[in-house]
Every structure is written in C-alpha cells, then in structure tokens.
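In the working numbering, the protein residues as written are 6 to 473.
Have a look at the structure below before the remarks.
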C-alpha cells in the first residue's frame, strides 16, 4: 500500500507552514465513530470501535485547541450578511466543489458505463440474458484493486487522472463488447469477458500511475505503511459497513422481485430502472466524494463556518439536480425503456413504475451527499447503525408487506423500501442541521496531533499541500 496518503486542504486556510509527513494513512478528522449526541449536536463515543479509541468529545472542557467566538478570527470564512455576500460564497464554494467533484463524477460515470453498456448489449440478445447480466457480473477481484487506488488518487487530488482512465476504459469496453458479442457471437459470455478485461484495464492503469508517476504519495513500500494500521482498519470497517448496508439495500429489491409472479419481467423492469437511477447516482457519488474532502479539509483547518457553507451549497445544488432528474424521467417514461429492450411488454412494465424511479432519484440526490458529509466528519459508525435501522428494520419489512401481503407486487416492494430511504435521509439531514461545527472543527484539529504524530506542526494552506 502507499506509504503516505495525501489529504487535500482548503485553499483559503490560514497561512501557517505545511504539514509534511506523519505515520497515519487517514484524513485527520475521519478516524472516529460516534454513538451519542451531546447538547450541541456533536457525537462522542465510538460504536464500532474499541474502548481504546481516543475519548474526545466536542463537549470536553480541556481541549488543547479551542475555537474563539469572534466571527473573523482563526481565518474562518466571514459571516454572510447580504445577498451579494451569499452569492459570492455560493459561487466560490461551487467552484471548489466542482473542481474536485466533476472529474470524480466523470470517472465514476465512465466506470458505471461499462456496466450499463454490458446490460444494453445483453438486453438486445434476450430478456433472460438481461436478467443474468443484471444479477451476476463477476469483476470482484478487479474491484479489490480498483477502489483502493481510486481512493488514494482522490486523496492526492489526482482526480483528472481518474477521469482519463475511466474514459479510456469505457471506450475500450464498448469496442470489446462489439467484438465479442456482435462480431464473434459469444453472447453473454462475451459480454462478461469484455467486462472483466475493461475492469482489469482500469485497475492496473491506476496502479501503474500510482507507482510510476505519483511521486509525492508513493516512494515504495516501507515499515511506515504498517504503522497505526489497526486504527485505519477500524475506520475502514465502519465505512465498509455503512456503504454495504446502503448498496445491498437496493440489491435486495432485485432479489425480492425475483420471487414475484412473472419474475423475468419483474427483474428486468427493476434492473432497467436501477440502471437509470445508477447513472444519476454517479453524479451524486462524485459530489459525495467532493463534499467529504471539503468538509474534512475545512474542519481540519479549524474553519467551522466555511464547513457549514460548503454543506449548504452542495445540498442546494444536489436537490436542484434531483428535481430536474425527476422531471426528465416523468417526461420520458415511455421513451427511455426503448434504449434497453425491444420487448413491448417489458417497456410497458418499466413505464408503469417510472414514477417510483422519479421519487427515488430525488431522494438519492440528497442521501449520498449527506453521507459524504458524514464521512468527512468521521460519522461512519453512527451512519452504519442508522442505515441498519432505517433500511433493514423499517424499509425492508414494509416493502415485504406491501409487495407480498398486500399484493402490490414490484410497486409495493419498491414503495416500502423507499420509505426506509426517506427515513434515513430525514435523520441524516437532522443530524447535519443540528451539528455544532465549531466542536467538530476542534475535534478535527485535535486528531491532527493525536493520529498524525505532529504535535508542533501547523496546518497546510492549499489543496495540494498535505501529506500525512
């Protein structure tokens, strides 16, 4: 693994000297989980972590770092007192957000395009082939290499490289699909082979760039790569649980529809809708990664007001995109199914559940972004428990009741599970609204010293400066 992971910092942070090296491979403020809320809205005790984790809460009176109440000290963003100032903040924060988020979103869209084009080719072979491709795509080993290198390059702010790699992989994938499926006639096996080749092309290209060209973050393997590794594992465990509970939730929807009457049409219609939803989701996953970086940078720089502004801007933009996507789906609900299948019966089935897809796209415009705020703030553990309760204790049973007991079929299962997503989004929104960002910034600065091993170093000044 790389010896150092670069964590971008805010370009508008105060001008102290750079923090060059430490032995922790994490973001400064991300190494914690939370369970209980304080009166100020902060989170203290780790849930998924052991009792050996640092017991530092936002209500502590003995913090080494304290943020003053004055609006203009510590280099924080100035308070917004006029519409003109609000617009200036919105424009500047949007620039920073999209500078990070746009290349990441483009990369993810290209990678997701390999999945979608595979389904498109399979769907024109036959409905059963589309179902097989939707349920089983074997690229797990390639993803095990892809995701770590992808996150490392994001942390190093090498997002343009990710965009180019994703574009090249998508172009190669389309060519391989045409060759294996259309020219050689290999069918579903050819689609799977093309997917495997393009996935490994992506993964190995990213590894080659990290080892060969990412000099600031990779200087070869050393013992430093394994120092404080357990703390990294604990944070990764919390993040993995949080993400798996989210991703598996929508996969369960496909599994449940497979037990309904006319299962082939049910699975195919849900798969097409999930594919469209996934395309929109790629944009918001990019924004989620961007706001995670922005929140962690601003908190680590001791800028709570700037953190709050970043969160407000990204939520406003995400909701606007979600509403636009909803309108487009409702306006084209009889047209977009034609892209995936020539079966009139299946096209009608997709059109009948398009309104649920439209609602899903609005909810999914907010949920990934709020999850990104949670990751940037180090709340992975508490979000994992929220996901468990909202998705699997509330939404999934409700979907089973609507779909099987009340016999609403696919629409009932999806509607019930949407209720779980809506509840989770509402809880996370309330958490963000109630958060004391000054307390969170104090915790972030404290962890720079505790986990970074640099008690006497100061924070960096630009998005490219930190190597911890």
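Beta carbons: idealized from backbone N, C-alpha and C, even for Gly.
Among the options, whose alpha-carbon lies nearest the alpha-carbon of residue i?
i, options, result
"residue 128", "314, 370, 343, 328", "343"
"residue 111", "242, 123, 171", "171"
"residue 99", "312, 356, 408", "312"
"residue 396", "247, 218, 225", "247"
"residue 279", "336, 296, 254", "254"
"residue 266", "413, 125, 382", "413"
"residue 182", "198, 167, 169", "198"
"residue 317", "146, 399, 434", "434"
"residue 304", "90, 443, 155", "443"
"residue 426", "88, 290, 401, 284", "401"
"residue 281", "241, 353, 114", "114"
"residue 428", "448, 365, 382", "365"
"residue 383", "329, 356, 440", "440"
"residue 437", "284, 350, 351, 319", "319"
"residue 211", "145, 165, 232", "165"
"residue 220", "256, 163, 145", "163"
"residue 289", "323, 446, 116, 260", "323"
"residue 125", "156, 187, 157, 90", "187"
"residue 306", "88, 161, 101, 445", "445"
"residue 339", "287, 357, 328", "357"
"residue 260", "448, 415, 92", "415"
"residue 432", "448, 391, 447, 409", "391"
"residue 359", "341, 87, 350", "341"
Is residue j closer than 7 Å to residue i when the C-beta atoms are compared?
i, j, result
"residue 159", "residue 315", "no"
"residue 292", "residue 106", "yes"
"residue 215", "residue 154", "yes"
"residue 381", "residue 301", "yes"
The ligand MG and residue i: does any heavy atom of the ligand fall closer than 6 Å to the residue's C-beta?
i, result
"residue 334", "Among the ligands in the structure shown, none appear at all, so the ligand MG cannot be discussed."
Give the C-beta separation of residue i and residue j to the nearest angstrom, bearing in mind that I take them to be a contact with Cβ-Cβ under 8 Å.
i, j, result
"residue 174", "residue 207", "4 Å"
"residue 377", "residue 296", "4 Å"
"residue 196", "residue 123", "5 Å"
"residue 148", "residue 108", "About 20 Å; that fails the 8 Å criterion."
"residue 393", "residue 240", "Contact doesn't hold; Cβ gap of about 18 Å is too wide."
"residue 121", "residue 223", "In fact, because the Cβ distance is near 32 Å, the residues do not count as touching under 8 Å."
Can you find the residues in the same chain that come closer than 8 Å, C-beta to C-beta, to residue i, ignoring five residues on each side of it along the sequence?
i, result
"residue 268", "262"
"residue 430", "368, 371, 372, 375"
"residue 420", "361, 404, 407, 413"
"residue 103", "295"
"residue 337", "none"
"residue 399", "424, 425, 428"
"residue 76", "With a pLDDT of 42 at residue 76, under the threshold of 50, the modelled position of this residue cannot be trusted; read the value that follows with caution. Counting only Cβ-Cβ distances below 8 Å, and skipping sequence neighbours, we find 83, 84, 310."
"residue 94", "82, 85, 314, 318"
Residues in its own chain within less than 6 Å of residue i by CB, not counting five upstream and five downstream?
i, result
"residue 78", "For residue 78, the predicted model reports a pLDDT of 47, less than 50, meaning its position is unreliable and no value from the coordinates is stated."
"residue 185", "191, 195, 198, 199"
"residue 299", "315"
"residue 150", "208"
"residue 326", "370"
"residue 379", "388"
"residue 226", "none"
"residue 116", "171"
Comparing the C-beta of residue i with each C-beta of chain C, is any distance below 7 Å?
i, result
"residue 287", "Of the protein chains in the structure, only one exists, and it is not chain C."
Enumerate in chain order the residues of its own chain whose CB-to-CB distance from residue i is below 7 Å, with the five nearest sequence positions on each side excluded.
i, result
"residue 363", "331, 334, 335"
"residue 411", "417"
"residue 258", "275, 418, 419, 422"
"residue 354", "270, 274"
"residue 287", "110, 113, 114, 117"
Exercise for the section: Assess, as a yes-or-no matter, whether the stretch 78-97 is touched by the stretch 302-312 under the definition of 3 or more beta carbon pairs within less than 8 Å. Expected result: yes
Exercise for the section: Indicate whether the contact test is met: 3 or more Cβ pairs, each with one atom in the stretch 329-349 and one in the stretch 271-278, closer than 8 Å. Expected result: yes
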